[in-house]
Every structure is written in structure tokens, then in C-alpha cells.
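Novice: Below are the C-alpha cells for one structure; questions will follow.
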Amino acid sequence: MTSFLHTPGGRSLAYSRIDGSTPGIVFLGGFKSDMSGTKAVFLEDWAKTAGRAFLRFDYSGHGQSSGAFTDGCIGDWAEDAAAAITALTSGPQILVGSSMGGWIALLLARAMPERVHALIGVAAAPDFTEDSMWPQLTPAQQQQVTQTGQTELPNDYDDQPYILTRRLFEDGKSQLVLRAPLALPFPVRLMQGTRDEAVDISVPLRLLEHADCPDMHLRLVKDMDHRFSTPDCLNLITAAINEVSPPTA
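Following the numbering used here, the residues of the sequence shown are numbered contiguously, the last one being 250.
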């Protein structure tokens, strides 16, 4: 059943939560995705069977949460995630970040490391607004963003195009995690498909090299795309959760 959290920032976030053993699991979705996606629902069902606490939610401007997508930015969505974790979970959590959610997870790890037991990145896309999205725009599209405040890009996962705003790019510059020291003092597991059309293999390799982490692994899956939602891939995610969980969980 969907419930709603009213955040200190004045937003209403849709969420689904189940109680269970700790550390709990928090799923952080991708850019313009919502908590009804394949990975989020699969992980909730798995958590129920495993008796694990689990939380999935919609960022503001996504799914059933309040606000318009075009009004949001990385900083807003990281703020939403922090509010949800603070209000709806207790103790350290295993963060499972998909695509943009991987960036959000790294921001949370930097802002509230005491609440992170482990981090799992699924096609994680840190710094994507600066490193991949902006460079992929044509000069005309970049000019549109600068002069009119937004431009459009085709969306391979939806009939509606992506509306990319000047605020998204400007805020993204202030949320970068691969330009300064990044301490991740807990287990980190990264998973990436070799045919991911949205996140290049160089991204997790760069994160692997950049982060200060004593227990960090990267798993590449041959021929898998950005969705990473086949039964085998979903089982890899739950195997990683089990791997970073305490023996008593």
C-alpha cells in the first residue's frame, strides 16, 4: 500500500515500506523512473520473503510524489532521499542505487555515512549531468538550455521526452562526487552491463579508482543493457545484498 511522507522541505513523497530485520534495504531509483519499476518491486517481494526491512519511494516530481519533474534537480532528489531515510528507517541501511540512484546513494554516503551499512550501485551514474548528458547535447540544444532554460531529448524508456533544465545542469555541478575525495568506509558492490547504452563502462571503473573504499567490487555482465532487470541480473542484486549483510540478518 502506498503511503505519503511530508518532508521538512514541504514535499509529499509516495513510499512503500515493510518491516523486517536489519540492516534495512533502501531502493533509490533512476532519472524520471518511479518506485513501480521492475527492480524496486522485485526487491520488495524478495525482502518480504527474506524477512528484511525495505523501503522504496518516489522522488519529488516522480511517480505519485508531489511537484513537477522539471522543477527538480539532483540536490532536491538527494534531499528527498535523506528525508525518507531519516523519517522512515532506523539504523544503517543498505542503499541500492539504480542509475541516477547510484549518484544519490553516493551523496547520501557523503552526507550521512553513519546511516549507510553498504552501498550497491546498479549501472550507477555519478556526475552524469556534467560528464555525459551535457556533452551529448548539440550546440543548439546547449544554447537552448542557456538562453531559454530548457531543451528536450528523446526518451528510450517512455513516450514523453526528457525535459532538461538549466537548473538541473547548474545544480548538478554542485553535487559532483568524482572531483573531490570520496570516502566510502563500508562495503560497496557495483554492477554494470557491457552493453549499457546510457552509462559507459568507464564510469564504474572511474568510481572504483577514485573512491577511498576498503571493500569495493565491480561486476561486469556481458551483453547486459542499462535496465539490468533480467531474472539473472535481479538475482545478482539480491546476492550482493546477502554478501554485504551481517550473518545474522
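The beta-carbon is built from N, C-alpha and C at its ideal position, and this holds for glycine as well.
Predicted, not measured: the structure shown is a model, and the values here were computed from it.
Give the range of the alpha helix (DSSP H) segment to which phenylalanine 43 is assigned.
Specialist: That run of the alpha helix (DSSP H) goes 39-51.
Novice: Cβ atoms of alanine 88 and leucine 6: under 7 Å apart, would you say?
Specialist: The answer is yes: Cβ separation under 7 Å.
Novice: Mind checking which residues open and close the alpha helix (DSSP H) that includes isoleucine 75?
Specialist: Unbroken alpha helix (DSSP H) run through isoleucine 75: 75-89.
Novice: Which residues mark the beginning and the end of the beta strand (DSSP E) in which arginine 190 is found?
Specialist: Looking at the DSSP string, the run of the beta strand (DSSP E) that includes arginine 190 is 189-194.
Novice: Assess contact between the stretch 79-94 and the stretch 17-35, defined as three or more Cβ pairs (one per stretch) separated by less than 8 Å. Is contact present?
Specialist: The stretch 79-94, when compared against the stretch 17-35, does touch it at the 8 Å Cβ threshold.
Novice: At what residues does the beta strand (DSSP E) containing isoleucine 121 begin and finish?
Specialist: Per DSSP, isoleucine 121 belongs to the beta strand (DSSP E) from 117-123.
Novice: Which residue marks the beginning of the beta strand (DSSP E) containing isoleucine 95, and which one marks its end?
Specialist: Taken as a continuous stretch (DSSP letters only), the beta strand (DSSP E) holding isoleucine 95 covers 94-99.
Novice: Determine the burial state of methionine 2: buried for a count of at least 16 other Cβ atoms within 10 Å of its Cβ, exposed for fewer.
Specialist: It is exposed - the Cβ of methionine 2 has fewer than 16 other Cβ atoms within 10 Å.
Novice: What residue from Gly31, Met225 and Arg116 has the CA that sits closest to phenylalanine 70's CA?
Specialist: When only C-alpha atoms are compared, the closest one is Gly31.
Novice: Quick check: serine 66 and leucine 14, are their CB atoms within less than 7 Å of each other?
Specialist: Yes, the pair counts as a contact, with Cβ atoms nearer than the cut-off.
Novice: Answer with buried or exposed for arginine 220, where buried requires no fewer than 16 other C-beta atoms within 10 angstroms of its C-beta.
Specialist: Arginine 220 is exposed by the Cβ-count criterion.
Novice: For serine 68, count the other beta carbons within 10 Å of its own beta carbon; 16 or more makes it buried, fewer makes it exposed. Which is it?
Specialist: For the record, residue 68 in the displayed sequence is glycine; it is not serine. Answer is buried; the Cβ neighbour count reaches 16.
Novice: Please say whether alanine 85 and phenylalanine 43 have beta carbons closer to each other than 7 Å?
Specialist: Contact flag unset, no.
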